[in-house]
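Residue numbers (my numbering): 10 to 814. Have a look at the structure below before the remarks.
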Ligand SMILES: Cc1cc2nc3c(=O)[nH]c(=O)nc-3n(C[C@H](O)[C@H](O)[C@H](O)COP(=O)(O)OP(=O)(O)OC[C@H]3O[C@@H](n4cnc5c(N)ncnc54)[C@H](O)[C@@H]3O)c2cc1C
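Structural data, given as structure tokens:
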């Protein structure tokens, strides 16, 4: 075994081997993989090997697509058969909500260019004569889906990895990981030590224990999963073409052909966690004892859909452990707060995703940025609240819902609350219905009767519509108070702070105290990294606010770019400060009443920041907001939040000040064309493509400048536009294809209903030639094309008169 490598990949399951294979293939020969037993000896060897394109997320669907492409060509490349069968797959729907989910998937898949079509129950029957279509409304069909032999495909990638120069060591267990004084990783194994620049934790079932070696508590726990192979079935044996795989998510089952028979897989209603506190190191390639009683109901479900199985005996029942994370998606990418330590674990559908994630993660490690936006699987989407105990509770809810209808705003109660603002009880009393944002309980909307008016989540407008409409109207006409305590807040100070921040953002950092700048951070290609607002609060001192859910992501980026000379100091003040936002025309009067200071327009103009006494509490107040009304962001010491809140509510009593929620805020920000992080602002777009191109200052150096220069010389390939859509009951959401005639010319980044303007709005990227206001396009929502017209941005108060009032 080498004692020095560039990358050490821990774990020889399908994920680890794919990462090593891709790194070596793309030119990093100094790659070493360490596997404590034989390759595939964790979950991989037991997998059914189904590879589906279906995923609720646009980028994860691309990962799946990449896997299928790889698996189809691996044999030619390595000489090792992978047992790939292109069978096609059907996903059925038994209720209208599921049909809507499939409508979303249909439209989103078309953005990616996947071959997907609707199928009727009769058509399903023609494709799969053994199916009982009773109760089915329809389904989607992907002709290119298939299955692979998990062991063979891993072995093929292993052959490929070695061919390209990687070293694969089996029977070599990682026992500890340290940092050397020079900043490298020192990986200890039972066969000796190895020093390296990068570590990838692809430890599968053991990934949490490997993570613990470097002080991380990652939310991944093993649970049992069962699939049943039936005895030979005549009708299957006699066929000369493969039957398509069928997923009946409403019955929580999948069925596919395995040689002369069928396999039934199921996700039962109660997960059986398996060694939740840590899988024994010596477990390998052993099936677990199946518990038929535990899954009986779902076997019945299978027999209902495929009656032939009721007449056929079991040939083999496979029960094995799989890892589950709080939302069922894996944990990938740079591990916060470490440098050069990557995660590739927490996979529940790892065979489906291995080929793709190996490709994308290798690129991420080698180039520093992912080729596609992998935020949905980025481990930093979780904060410290998502520890072992959280996941232990959470997967009890997640596992039985792995096949639940996917739809936006499906806030689940499990493992909540985790983080609450001090005014939480006041919010509850005022009728808040909460969402969970990076662990924070944050009101989505308010209603007189929150129990009765809980949200009915779905892709169409729902029961929240009227509440949100009333809140938007209230903000527009009177005064609203929005809780944004969850904002990520970072204080940057020191003699080098200004120069450092100027390098971190494309914007010029304010030079005068009390000035605020919208200051996006870009990646090395010039694409959006982070949505940041910088306020100069003192000599060499800056207050930076970024998206709450991006806290770890953004602060990790900052930390990794800090100079070693101590000239810049970075303090995370997220949990020391709350933020209450006043928005609406009456708010200057309210603030004047609540404050001991002069807050007139002359004394406190738009776009500036001041220290004010709100009641007895000294606050940092920024005259700006995300909804486009006269407004103030009031940052205050967290321990004084109730005092600030009471002062504001008392001052606002005569002006009808009311709390409003996140849904109203999002509706209003769309009308203003304000960008949202990871919707409009992601790794695929530069500011030049958007309405914040003005934040790019080319007369200074900054990270990403070369990418911006390149784009300036080549011209932007796309432009962000605002479109008004002829929607009836379902607004665009994001990932909707945009059509010019029959051609897909772009994709929406976000959308919704603008209550102040009374319009259904989509933001999205299209070729510049189609970005002129007045251009007629179509936006496909839930499989249906809606007429859409490009309009000038912003739709609401284009001259910003209200904010500047
Ligand atoms: C019954 C069943 C059916 C399934 N069906 C499907 C399916 O149809 N489609 C699908 O996509 N997925 C399926 N899965 C899930 C799939 O098997 C997993 O998601 C996938 O195998 C995870 O791969 P992995 O490489 O992350 O982890 P693993 O396969 O668990 O590999 C991790 C490896 O790391 C090694 N390791 C851990 N710690 C150390 C250490 N300290 N030192 C050295 N080596 C270490 C382990 O020995 C192990 O080999 C199924 C799983 C089961 C159990």
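C-beta atoms are modelled at their ideal positions from N, C-alpha and C, and glycine is treated no differently.
Item	Value
Within 8 Å, strictly: CB atoms of residue 690 and residue 800	no
Closest Cα partner of residue 794 within the set 113, 544, 137, 176	113
Contact test: residue 357 Cβ vs ligand 1 heavy atom, cutoff 7 Å	yes
First and last residue of the uninterrupted alpha helix (DSSP H) at residue 764	From DSSP, residue 764 is part of no alpha helix (DSSP H); its letter is neither H nor E.
The region 646-656 contacting the region 560-576, beta-carbon criterion three pairs below 8 Å	no
Continuous alpha helix (DSSP H) stretch holding residue 723: start and end	714-723
Rounded separation between residue 553 and residue 803 - CA only	25 Å
Residue 53 CB to nearest heavy atom of ligand 2 below 7 Å	Annotation note on ligand 2: not contained in the displayed structure, which lists ligand 1 as its ligands.
Where residue 515 falls: helix, strand or coil (DSSP)	coil
Rounded C-alpha distance that separates residue 267 from residue 251	9 Å
DSSP-derived helix/strand/coil call for residue 707	coil
Nearest candidate by alpha-carbon position, reference residue 134, set 126, 124, 145	145
Same chain, Cβ closer than 7 Å to residue 472, five either side skipped, listed in chain order	462, 464, 465
Backbone secondary structure at residue 23 - three-state DSSP	helix
Buried versus exposed, by CB contacts within 10 Å (16 or more), residue 625	exposed
Euclidean distance between Cα positions of residue 425 and residue 108	30 Å
Reference residue 262; option with closest CA among 59, 576, 507, 380	59
Any non-hydrogen atom of ligand 1 closer than 7 Å to residue 167 Cβ	no
Short Cβ contact (8 Å threshold) for residue 630 with residue 653	no
Contact test: residue 44 Cβ vs ligand 1 heavy atom, cutoff 7 Å	yes
Assigned secondary structure, residue 260 (DSSP; H/G/I helix, E/B strand, else coil)	helix
Distance CB(residue 806)-CB(residue 637) smaller than 8 Å	yes
Nearest-angstrom Cα separation, counted from residue 614 out to residue 528	19 Å
CB contact below 8 Å: residue 526 versus chain C	Absent from the structure: chain C. Only one protein chain is present.
Pair within 8 Å by beta-carbon distance, residue 182 and residue 290	yes
Heavy atom of ligand 1 within 7 Å of residue 211 beta-carbon	yes
Through-space distance from residue 343 to residue 350, alpha-carbon basis	6 Å
In chain order, each alpha helix (DSSP H) run of at least 4 residues that lies wholly inside the region 400-448	433-438
According to DSSP, residues forming a beta bridge with residue 232	282, 331
Status (buried if at least 16 other CB within 10 Å, exposed otherwise) for residue 126	exposed
Rounded separation between residue 763 and residue 177 - CA only	56 Å
Residue environment, residue 159, which counts as buried when at least 16 other CB atoms sit within 10 Å	buried
Residue 511 versus residue 701: straight-line alpha-carbon distance, rounded	17 Å
Residue range of the beta strand (DSSP E) that includes residue 497	497-502
Closest residue to residue 167 among 41, 51, 246 (Cα-Cα distance)	41
Where residue 368 sits in the DSSP three-state scheme	helix
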